[in-house]
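Novice:
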Amino acid sequence: MTARTERLREDLLTIVPTVCPDRATLLTASWQDTEGEPILIRRALGLAHILRGMRIWIRPGELVVGNQASAPRAAPLFPEYAVRWLRDELDALPTRPTDQFQISGQTAAAVRQVCDYWAGRTHQDRVQAVTRRSLPPTLATAFDFRLSSLNQVINNLGRQSTGDGHVIVNHEQVLRTGFRGLIAEARRCADGLDMADPDSVGRRLFYQAVEISLEAGIAFAERFATLAEEQARTEVDPARQSELMTIAATCRRVPAEPARTFREAIQASWFIQLLVQIESNGHSIGPGRLDQFLFPYYAADLAVGRLTREQALELVECYWLKCSELNKVREWAYTEFMSGYPLFQTVTLGGQTRDGRDAVNDLTSVCLEATANLKLVQPTVVVRVHSGSSDEHLLEAARCLVRHGGGMPGFFNDEVGIPLLLRLGVSLEDARDWSVMGCSEPQVAGQFNTGTGGGSHINLLKVLEIALNGGTNPNTGLAPWPEDRDLRSFRSFDELWGVFRRQLSQYLSILPVLDNITSHAYADLTPTPFLSAMVNHRLAVGKDISQGGPPNHHSIVQHGYGLANVANGLAAVRRLVFDEQKLTGSELASALASNFAGPHGEEIRQLLLNRAPKFGNDDDAVDALARDVASAYVSEVAKYRPLRGGVVGPSTQSLTANVPAGAKVGATPDGRRTGEPLADNNSPTAGTDLGGPTAVLKSVAKLDHTLISNGTILNLKFHPSALAGEGRLRKFVAMIRSFFDLKGFQVQFNVISADMLREAQAHPEQYRNLVVKVAGYSALFSSLDRKLQDQLIARTAHDIR
Amino acid sequence: MTSGEPGPAAGPTGTVFSIERYAVHDGAGIRTMVYLKGCPLRCVWCANPEGQDADAELIRFPERCIACDGCAAVCASGAAGIEPMPEAVCARCGRCAAACPADARKLFGREMTVAAVMEEVLKDRAFYRRSGGGVTLSGGEPAAQPAFAHAVLSACRAHGLDTAIETCGYAAFAQLALLAAECDEVLFDLKHMDSDTHRRLTGVGNELILENVRRLTPMAAVRIRVPVIPGYNDGADHLAALAGFARCLAPVPEIELLPYHNYGSAKYARAGRVYALSDVALPTAEQMHALAAVVQAAGVPCSVG
Numbered sequence: 188m189t190a191r192t193e194r195l196r197e198d199l200l201t202i203v204p205t206v207c208p209d210r211a212t213l214l215t216a217s218w219q220d221t222e223g224e225p226i227l228i229r230r231a232l233g234l235a236h237i238l239r240g241m242r243i244w245i246r247p248g249e250l251v252v253g254n255q256a257s258a259p260r261a262a263p264l265f266p267e268y269a270v271r272w273l274r275d276e277l278d279a280l281p282t283r284p285t286d287q288f289q290i291s292g293q294t295a296a297a298v299r300q301v302c303d304y305w306a307g308r309t310h311q312d313r314v315q316a317v318t319r320r321s322l323p324p325t326l327a328t329a330f331d332f333r334l335s336s337l338n339q340v341i342n343n344l345g346r347q348s349t350g351d352g353h354v355i356v357n358h359e360q361v362l363r364t365g366f367r368g369l370i371a372e373a374r375r376c377a378d379g380l381d382m383a384d385p386d387s388v389g390r391r392l393f394y395q396a397v398e399i400s401l402e403a404g405i406a407f408a409e410r411f412a413t414l415a416e417e418q419a420r421t422e423v424d425p426a427r428q429s430e431l432m433t434i435a436a437t438c439r440r441v442p443a444e445p446a447r448t449f450r451e452a453i454q455a456s457w458f459i460q461l462l463v464q465i466e467s468n469g470h471s472i473g474p475g476r477l478d479q480f481l482f483p484y485y486a487a488d489l490a491v492g493r494l495t496r497e498q499a500l501e502l503v504e505c506y507w508l509k510c511s512e513l514n515k516v517r518e519w520a521y522t523e524f525m526s527g528y529p530l531f532q533t534v535t536l537g538g539q540t541r542d543g544r545d546a547v548n549d550l551t552s553v554c555l556e557a558t559a560n561l562k563l564v565q566p567t568v569v570v571r572v573h574s575g576s577s578d579e580h581l582l583e584a585a586r587c588l589v590r591h592g593g594g595m596p597g598f599f600n601d602e603v604g605i606p607l608l609l610r611l612g613v614s615l616e617d618a619r620d621w622s623v624m625g626c627s628e629p630q631v632a633g634q635f636n637t638g639t640g641g642g643s644h645i646n647l648l649k650v651l652e653i654a655l656n657g658g659t660n661p662n663t664g665l666a667p668w669p670e671d672r673d674l675r676s677f678r679s680f681d682e683l684w685g686v687f688r689r690q691l692s693q694y695l696s697i698l699p700v701l702d703n704i705t706s707h708a709y710a711d712l713t714p715t716p717f718l719s720a721m722v723n724h725r726l727a728v729g730k731d732i733s734q735g736g737p738p739n740h741h742s743i744v745q746h747g748y749g750l751a752n753v754a755n756g757l758a759a760v761r762r763l764v765f766d767e768q769k770l771t772g773s774e775l776a777s778a779l780a781s782n783f784a785g786p787h788g789e790e791i792r793q794l795l796l797n798r799a800p801k802f803g804n805d806d807d808a809v810d811a812l813a814r815d816v817a818s819a820y821v822s823e824v825a826k827y828r829p830l831r832g833g834v835v836g837p838s839t840q841s842l843t844a845n846v847p848a849g850a851k852v853g854a855t856p857d858g859r860r861t862g863e864p865l866a867d868n869n870s871p872t873a874g875t876d877l878g879g880p881t882a883v884l885k886s887v888a889k890l891d892h893t894l895i896s897n898g899t900i901l902n903l904k905f906h907p908s909a910l911a912g913e914g915r916l917r918k919f920v921a922m923i924r925s926f927f928d929l930k931g932f933q934v935q936f937n938v939i940s941a942d943m944l945r946e947a948q949a950h951p952e953q954y955r956n957l958v959v960k961v962a963g964y965s966a967l968f969s970s971l972d973r974k975l976q977d978q979l980i981a982r983t984a985h986d987i988r
Numbered sequence: 377m378t379s380g381e382p383g384p385a386a387g388p389t390g391t392v393f394s395i396e397r398y399a400v401h402d403g404a405g406i407r408t409m410v411y412l413k414g415c416p417l418r419c420v421w422c423a424n425p426e427g428q429d430a431d432a433e434l435i436r437f438p439e440r441c442i443a444c445d446g447c448a449a450v451c452a453s454g455a456a457g458i459e460p461m462p463e464a465v466c467a468r469c470g471r472c473a474a475a476c477p478a479d480a481r482k483l484f485g486r487e488m489t490v491a492a493v494m495e496e497v498l499k500d501r502a503f504y505r506r507s508g509g510g511v512t513l514s515g516g517e518p519a520a521q522p523a524f525a526h527a528v529l530s531a532c533r534a535h536g537l538d539t540a541i542e543t544c545g546y547a548a549f550a551q552l553a554l555l556a557a558e559c560d561e562v563l564f565d566l567k568h569m570d571s572d573t574h575r576r577l578t579g580v581g582n583e584l585i586l587e588n589v590r591r592l593t594p595m596a597a598v599r600i601r602v603p604v605i606p607g608y609n610d611g612a613d614h615l616a617a618l619a620g621f622a623r624c625l626a627p628v629p630e631i632e633l634l635p636y637h638n639y640g641s642a643k644y645a646r647a648g649r650v651y652a653l654s655d656v657a658l659p660t661a662e663q664m665h666a667l668a669a670v671v672q673a674a675g676v677p678c679s680v681g
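For the protein sequence lines, the chains are A and B, in the order given.
Heads up, the first sequence is in the working numbering, so the first residue is 188 and it goes up one at a time.
Heads up, the second sequence is in the working numbering, so the first residue is 377 and it goes up one at a time.
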């Protein structure tokens, strides 16, 4: 890290997130002016008006420029998607429990005006109106329209109040052609239209919208060129003056024209990354394989002495800092699902080339170094590992992980990711070129449509609770699909399994309805012509990305979570009620209904906790159930085809939704009390994995990850001292490789900090599997007494940072 | 286990008090530690006091107790549920532990067949293969259950696993040699060079131990490990004497200095016992490296564990 990037980082970390009104007011003004125009043109003109009018800035010392809002960490607003929440929650934004945003009185007033205009015109209004007209009466009564949730089992709230997102655009191609090249192609396509073709009118509008959007992007870059020139004129430091002139020249050149140098390429890539996120606020817009598409520029510049490795590192750090400047404000109910200001701008490093060689290059190392130096939360940096990856590369990644401390990079397995994509019909060369989109979703840059559409969250543990209650959700009393039997009357485990399976199938049958409605609304009201120009095929097809259609490998992301809780719950009922008959179904049902408050409630809870197998301990008795539950979920989801083509792609990601989702589920037979969080992602339930990390990895590897096409997430925590020293780090790397040999897909690590150890001390039950290295041996942190824990906490503070 | 692979021979059983996976500090690679119960020594600093007695013993976790009195209802001696538990009365039958839903009582030490041990250790085969790891028998003292230890090590070898034992060295040489012949590495603990002090700290003199290490070194890959206990065996003179002894061995083994830790202290209370070293300070990294330098100065390779 240079003094420059260190200062930029320090400044950034002190900035309090705010709300920026620019985009919302500019879009609204444009919208009022363009009422008679077709939607594609309105969207393009709206973007152009925003890019012309929004405040821009260049921070002192910046080398990569381009801002999303009036200040770093300020969130622009996207009223076209939803305003009801914005109006209702505006005053609470500065004080809500997490993800707060400060807002000035002036901004608030402006935002209220914007809300007044958009009320009744938004994407959400459309989705809700159509949903009301679409649901059969039996389901409409169990549907919470405010939360877009069916009986607390399944919801797609996030697809109502924000943009679509979830895509990796083709930086490589756009850097090569420049925006002008794309405009020329759009014109060629428009010129070639057959006016007799019934589609030609719509396609011509699309090409015009693309051209307007790209020209707006070019003009936006030129605003930065002009600003840099202005700053240079008054700059007293000649070095900075020269930098500003370079910035100006770069922004005059790119993204309009093809990039010629590393500096131009990284600046153009940033404009692409930024503009997609000004056009719409769908998150999970990742640069993809940045170490691959920037490498030719890097290598060429180094070869002719135009650039040093240190300069490249500084530029990459500047890019990382720009990623961290962006922000997004979500309604509270959606924020709860993903707290911590996430944007999921994922950079994928390493892996293989399109022809199957190891893809690691010197820029891979530069990117890892930038990640370790800056210790930021954006971008999300991950590495792809394949059987031919060198141990040296993995060691470098592990050293980055230790230095970063907070889980970057995450590790992904090519030996699952590539077969997974082949199964979706992706070609071998493209499959080798995959990147992680968002958290764990494998995509090929430019070859995939946006990955959400109707994407839903599915609370799998709620399904089990409903199955145990004969089809009724105890919270709502509603039973859209009643059953003949419940926990008090099941005669065998198979009966319970059959009911769970049937309920799961019934609830998931609403997926295509939710997907079709939201996908239609995106296409009708908020097409994204700029984004469409950044991916493959859309210009040839002549349709906005929201229209879908081949060729693409669109894969709607469905999040199903609570897997470990469901497996543990099923295993406990099978063992304690049916196999060993330590409890009757009625006893268990009463204990659950009373949240273990009865005279023997706690004994029953302890039995459930300690006398039944738990996922994460390499015990087939429960791991096989986890696999069955995951397979059931996957096969139900796979029944449906999205409106835009491709597949509905399940994932087991929970983000942070395991907490609010848990709040809606009563006591469950895994020993979980009413309202307690679910297990995160496909990790074991906190505190129930007692066999160390290899046992967890074995359990998780038993899932069929190749079928879970939008990926799986496993969180592990390690004490920094467990990774201290080359020898331990090599063993750690060997552990990751072994997990990948076993066909695990993904694993990420918290190299735990003193703060977290204090948390572990306060809540030992949640950290029972935390491994701490103590000089000559390792111990579970929870097994140590307080005094010893204090020593470890003190020492950890010296170990890291 | 899939058919066609070598199966463990039916044979002796042993008393095991713990099997821990992902051990990365007791031998090469990622290892599984198999802790055998029973030790001829009684080191005052012992970190695994639950491994000393050859028989099963009851360890309590009072913080987990939900006061359901399930233990008292099944206790043959009428002792369960009484705090503090009068140890003399406990028959170590384990009924209370079996009856406790909260795992507030656990019987440490269960009889296992070689096959049962192998089933556990083979679970991490994928991790041994990648890391060059394997299985380490520790304890207690593995040589205190020689036939069982030998059978487990042989079975591990038959599966191609790397093998090691961690021994206090206090055993008949023939038995140690038999185990060492099945090991890729022998982690041999030396506590003190002075026999009287050794007896005071561990309950036995060091003559047999020193003789065993002398005889074992030519025939096995021996690493000497010294738990460094401040105030007891951390004098520079003592380390120099130790290095002098090691230098005369053939070949000269590496010495690994293990800084004292008190992480076993909580276990004493749980077993109803008193920890004698509660006032000993932990050695700092600087102190450890200074001691390692003393050993290295004598021409013996030395590392800090």
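Here a beta-carbon is modelled for each residue, glycine too, at the ideal position from N, C-alpha and C.
Take S841/A and list the residues in its own chain whose beta-carbon comes closer than 6 Å to its own, dropping the five residues that flank it on each side.
Specialist: Y748, D867 and N868
Novice: In chain order, what residues of the segment 907-939 of chain A put their CB closer than 7 Å to some CB of chain B?
Specialist: R915, K918, A921, M922, R924, S925, D928 and L929
Novice: With 7 Å as the C-beta to C-beta threshold (strictly closer), list the residues of the segment 417-445 of chain B near chain D in chain order.
Specialist: The structure shown contains no chain D; the protein chains it does contain are A and B.
Novice: Could you compute how far the alpha carbon of T771/A sits from the alpha carbon of A443/B?
Specialist: 23 Å
Novice: Unbroken beta strand (DSSP E) runs of length 3 or more, entirely within the segment 607-695 of chain A: which are they?
Specialist: 621-624, 628-631 and 644-646
Novice: Roughly how many whole angstroms lie between the Cα atoms of V564/A and T861/A?
Specialist: 32 Å
Novice: Just mark S610/A as buried or exposed, buried being the case when its beta carbon has 16 or more other beta carbons within 10 Å.
Specialist: Note on residue identity: the sequence assigns Arg, not Ser, to residue 610/A. With a 10 Å radius around the Cβ and a threshold of 16 neighbouring Cβ atoms, R610/A comes out exposed.
Novice: Could you pull the start and end residues of the beta strand (DSSP E) that C678/B belongs to?
Specialist: C678 to V680
Novice: Does A497/B get closer than 8 Å to chain A when you measure Cβ to Cβ?
Specialist: Here the sequence assigns Val to residue 497/B, which means Ala is not the residue at that position. It does not; no Cβ of chain A falls within 8 Å.
Novice: Going by alpha carbons, who is nearest to M241/A out of A256/A, G233/A, V251/A and V252/A?
Specialist: Put simply, of A256/A, G233/A, V251/A and V252/A the residue whose alpha carbon is nearest the alpha carbon of M241/A is A256/A.
Novice: Which residues of chain B have a Cβ atom closer than 9 Å to the Cβ of E790/A, listed in chain order?
Specialist: I442, C444, G446, P477 and A478
Novice: Determine whether the Cβ of V961/A lies closer than 8 Å to any Cβ atom of chain B.
Specialist: Its pLDDT being 37, under 50, V961/A is placed unreliably in this model, and the value from its coordinates should be taken loosely. Yes - at least one Cβ of chain B is within 8 Å of the one on V961/A.
Novice: Given that P542/B touches chain A, what residues does it touch there, using C-beta distances under 8 Å?
Specialist: For the record, residue 542/B in the displayed sequence is Glu; it is not Pro. Those do not exist, as E542/B stays about 10 Å from chain A at its closest Cβ, beyond 8 Å.
Novice: Is A426/A near P442/A, with beta carbons less than 8 Å apart?
Specialist: no
Novice: Mind listing the chain B neighbours of A585/A? Cutoff is C-beta to C-beta under 9 Å, in chain order.
Specialist: Those within 9 Å of A585/A in chain B number zero; the least Cβ separation is about 13 Å.
Novice: May I have the straight-line CA-CA distance separating F411/A from A262/A, to the nearest angstrom?
Specialist: 20 Å
Novice: Just the C-alpha distance for S555/A and R496/A, rounded to the nearest angstrom, thanks.
Specialist: The residue asked about is misnamed: residue 555/A is Leu in this sequence, not Ser. Whole-angstrom Cα-Cα distance: 13 Å.
Novice: Please classify L657/B: does DSSP put it in a helix, a strand, or coil?
Specialist: Before going on, a small fix: residue 657/B reads as Ala here, not Leu. Correct three-state label for A657/B: coil.
Novice: Whose C-alpha, out of E417/A, R239/A and T705/A, is nearest the C-alpha of S321/A?
Specialist: Among E417/A, R239/A and T705/A, the Cα nearest to that of S321/A belongs to T705/A.
Novice: Using the Cα positions of E952/A and P284/A, report the straight-line distance between them to the nearest angstrom.
Specialist: 24 Å
Novice: Can you tell me whether E249/A is helix, strand or coil according to DSSP?
Specialist: Of the three classes helix, strand and coil, the one that applies to E249/A here is coil, per DSSP.
Novice: Tell me which same chain residues have a C-beta within less than 6 Å of the C-beta of A486/A, skipping the five on either side of it?
Specialist: none
Novice: Just reading off the beta strand (DSSP E) that F905/A is part of, what are its end residues?
Specialist: N902 to F905
Novice: Can you check which of these residues, R397/B, P522/B, S507/B and K567/B, is closest to E496/B by C-alpha distance?
Specialist: R397/B
Novice: So, does the CB of G878/A fall closer than 8 Å to a CB anywhere in chain B?
Specialist: yes
Novice: Report buried or exposed for T282/A, applying the criterion of at least 16 other Cβ atoms within 10 angstroms of its Cβ.
Specialist: Burial call: exposed.
Novice: Would you mind giving the Cβ-Cβ distance between V490/B and G387/B, rounded to the nearest angstrom? I have them listed as a contact below 8 Å.
Specialist: 6 Å
Novice: Quick one, which of L392/A, R194/A and Q479/A has its alpha-carbon nearest L232/A's?
Specialist: L392/A
Novice: Straight-line CA distance for L362/A to N723/A?
Specialist: 13 Å
Novice: If S429/A and L199/A are in contact, beta carbons under 8 Å, what's the gap, nearest whole angstrom?
Specialist: At roughly 24 Å, the Cβ-Cβ gap does not stay under 8 Å, so S429/A and L199/A are not in contact.
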